[in-house]
Each structure stands twice: as C-alpha cells, then as structure tokens.
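**Q**
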Amino acid sequence: MVKVALFGQKTSTSLEDIITPFLNYLSAHKIEYCIEERFLRKISVLTDVNLTNVETFSSNEDLDKSVKFFFSFGGDGTILSAATIVRESQIPIVGVNTGRLGFLATINKSVLLEQLDNFFEGNYNIIPRSLLKIERNDGVEIENNFAINEITVTRRETTSMITIDTTLNNEFLNSFWSDGLIISTPTGSTGYNLSCGGPIVHPSNQNFIITPVAPHNLNVRPLIVSEDSVIDLKIRSRANEYFLSLDSRNLALTTDVELRITKADFKINIVEANEASYFTTLRDKMLWGSDKRN
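Note that the sequence shown covers residues 2 to 295 in my numbering.
As structure tokens, then:
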C-alpha cells in the first residue's frame with residue numbers, strides 16, 4: 002500500500018481549488034495519506050472530504066518513514082520547513098507551488114493533478130540537495146542544526162558593523178567587517194546570497210559560497226569554496242549578541258559563542274517532473290529574456 006504525507010504552512014483560498022481534487026485522487030487510487038497536525042486544521046475548512054480519522058504527525062519523530070512522497074504545499078519557505086520534518090529519512094519532497102516564486106517548489110498547483118500519475122508510476126527525477134551543518138564551540142546543541150539555503154550571521158542590537166573572523170580549513174581567510182556573512186549552498190545561491198551580490202551556482206556543483214553582507218571594504222567579494230571545507234567563525238561586535246539564521250530559523254547568540262560550519266552528512270531529495278529543467282526554471286523566475294529589446 003502506497004502512502005504519502007501532506008504538509009503546508011500558510012493556507013488561504015489558493016488551496017481551495019486543489020486540495021479536494023488532490024485528496025479525491027488519493028482515495029480513488031487507494032493511496033493512504035497522513036497530514037501534519039496544523040495543516041490538517043487549516044485545510045479541514047477548505048474541503049468537504051471527511052478528515053476526522055486521518056493519521057497525523059507533528060515532527061520527524063512521529064512521521065511514518067515508509068511514506069513514498071512528502072507533499073509540501075506552499076513555496077520554497079514551506080520546503081525549508083518541511084526539511085526539518087523529513088531530515089535524514091530521505092523521503093522525497095514534492096514542492097507544490099501555490100505562490101509566486103519557487104526554485105524548489107517547481108510543481109505548480111495548476112498542473113499537479115496531471116503530474117500525479119507520472120509520480121506514482123515512477124516517471125520523475127530526484128534531485129539531491131546538499132545541506133550545511135553548524136556546531137557551537139561550547140558543545141550546546143542547536144535544534145535542527147542544518148540549512149538547505151544558507152547559514153547567516155548578522156548584527157543584533159547595534160547599528161554598527163560586526164567583524165567576523167573567518168577561518169577556512171584551519172587557515173585564516175579574512176576578518177569580514179560588515180553587517181553579516183552568508184554561507185550558502187548552491188541551492189541557496191538564488192536567495193539571500195544573490196541579493197547580496199553573490200553568484201548563481203548550479204545545484205549539481207559541490208561548493209559553498211561565502212558572501213559578505215554590505216561589507217565596509219568594497220574590494221571584499223564573494224568566494225566559492227569546496228563543500229568539504231570546514232568554516233570557523235568568531236564574531237566581534239559592540240553589542241554582546243549577534244543573530245544566527247538557518248534558512249528561516251533565527252536565534253540570538255552571545256559573541257563568546259564561536260561557530261563551525263561543514264557539510265551535513267545527509268541530503269534532502271527534491272522531486273522534479275521529467276520535463277523540468279533548472280535552467281528553464283532560472284529563466285522563468287529571473288525573467289531572463291523578458292526585456293522587450295530581445
């Protein structure tokens with residue numbers, strides 16, 4: 002018996018036209034499903050399908066690891082949250098885009114139903130995405146200490162720049178005097194990294210990108226390094242704290258906490274339709290070729 006999991010965050014009228022046909026498809030094809038608890042409460046008011054006795058989950062611990070697909074309804078941010086539930090399970094994530102921009106959520110809701118037969122018949126591609134892992138020097142564990150897009154340190158409670166002493170593979174790299182520093186994966190290269198002047202890197206490349214945020218010295222540029230690199234960060238600031246961001250998850254740390262960033266020991270699998278192409282997605286999302294002069 003095939004089983005899938007359903008997950009979403011922001012639920013609005015954008016799901017009204019797809020959730021009922023989707024659930025009906027699963028039932029008609031005798032596909033079992035479980036739904037994340039909060040998402041179940043949100044979609045229950047959008048459909049007349051009886052969801053009273055549906056199996057639920059709330060975290061990685063109670064997610065059935067035998068599910069074939071993890072359907073994420075939303076945008077890229079929803080997939081980033083989905084990754085904290087899927088974690089090391091290797092369950093492929095199907096990103097159903099119900100919003101506007103999506104580099105990870107590439108299955109538009111308007112074509113979801115026509116793609117389902119292909120997915121359940123095995124006609125799809127799985128694209129593994131490398132992750133970053135972070136550790137503190139004081140031994141305190143960081144919950145969900147990984148990121149698909151980027152790990153960022155930024156100033157907190159001060160308008161002054163911070164200094165990030167950066168060591169690469171035990172060799173001093175630079176003291177970045179800036180508003181912050183981004184360590185990005187190729188997947189995240191089209192996110193915050195791109196906004197700060199960093200390069201676009203194809204997801205198949207085994208690299209990480211170090212990009213300063215508004216550096217004081219304009220000759221300090223983004224740097225691409227091997228994903229096997231060990232990156233150590235020590236933050237100096239006029240304030241006693243700084244912000245650490247892992248994708249969309251934020252926490253404040255004191256400046257005596259140093260950080261080590263490496264490649265995570267697992268990857269997140271993203272499902273793409275056979276006809277999907279990273280460069281097609283890139284052209285569409287970046288509006289390349291839309292200039293009337295072309």
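C-beta: ideal position from N, C-alpha, C; glycine also.
Name, in chain order, the residues that DSSP records as bridge partners for Gly-181.
**A** Paired residue(s): Thr-155, Val-214.
**Q** For a test of the three-state rule: what should DSSP assign to Asn-251, helix, strand or coil?
**A** If DSSP states are grouped into helix, strand and coil, Asn-251 belongs with the strands.
**Q** Tell me which residue opens and which closes the beta strand (DSSP E) that Thr-256 is part of.
**A** Per DSSP, Thr-256 belongs to no beta strand (DSSP E) and is neither H nor E.
**Q** What runs of the beta strand (DSSP E), each 3 residues or longer, lie entirely inside the stretch 84-134?
**A** If we require 3 residues or more, the beta strand (DSSP E) runs fully inside the stretch 84-134 come out as 94-98, 125-130.
**Q** Hey, out of Lys-286, Val-46, Ile-165, Asp-233, whose CA is closest to Asp-18's CA?
**A** Of the candidates Lys-286, Val-46, Ile-165, Asp-233, the one whose C-alpha sits nearest the C-alpha of Asp-18 is Val-46.
**Q** How is the alpha helix (DSSP H) around Asp-166 delimited, first residue to last?
**A** Not the alpha helix (DSSP H): Asp-166 falls in the beta strand (DSSP E), residues 163-169.
**Q** Just how far apart, CA to CA, sit Ser-238 and Asn-126?
**A** In a straight line, the C-alpha of Ser-238 is about 45 Å away from that of Asn-126.
**Q** What is the C-beta distance between Lys-264 and Leu-133, in whole angstroms, given that I count them as a contact (C-beta under 8 Å)?
**A** Indeed they touch by this definition, with Cβ atoms about 7 Å apart.
**Q** Would you identify the three-state DSSP class for Lys-264, choosing helix, strand or coil?
**A** Looking at Lys-264 - three-state DSSP - the assignment turns out to be strand.
**Q** What are the boundary residues of the alpha helix (DSSP H) that Leu-195 is part of?
**A** 193-196 is the extent of the alpha helix (DSSP H) around Leu-195.
**Q** Taking Cβ to Cβ, would you say Leu-41 is nearer than 8 Å to Leu-52?
**A** Yes, these two residues count as a Cβ contact at 8 Å.
**Q** On a Cα-Cα basis, can you pick out the residue from Val-258, Ile-201, His-217 that is closest to Leu-283?
**A** Of the candidates Val-258, Ile-201, His-217, the one whose C-alpha sits nearest the C-alpha of Leu-283 is Ile-201.
**Q** Closer than 6 Å by C-beta to Asn-145: which residues in its own chain qualify, once you throw out the five before and the five after it? Chain order, please.
**A** For Asn-145, where only same-chain residues beyond five positions count, the Cβ hits under 6 Å are Thr-85.
**Q** Give a yes or no on whether the C-beta atoms belonging to Val-95 and Phe-121 are separated by under 8 Å.
**A** Cβ distance not < 8 Å, so Val-95 and Phe-121 don't count as in contact.
**Q** DSSP on Leu-245, reduced to helix/strand/coil?
**A** Looking at Leu-245 - three-state DSSP - the assignment turns out to be strand.
**Q** Is the separation between the beta-carbon of Val-214 and that of Asp-180 shorter than 8 Å?
**A** Taking 8 Å as the Cβ cut-off, Val-214 and Asp-180 qualify as a contacting pair.
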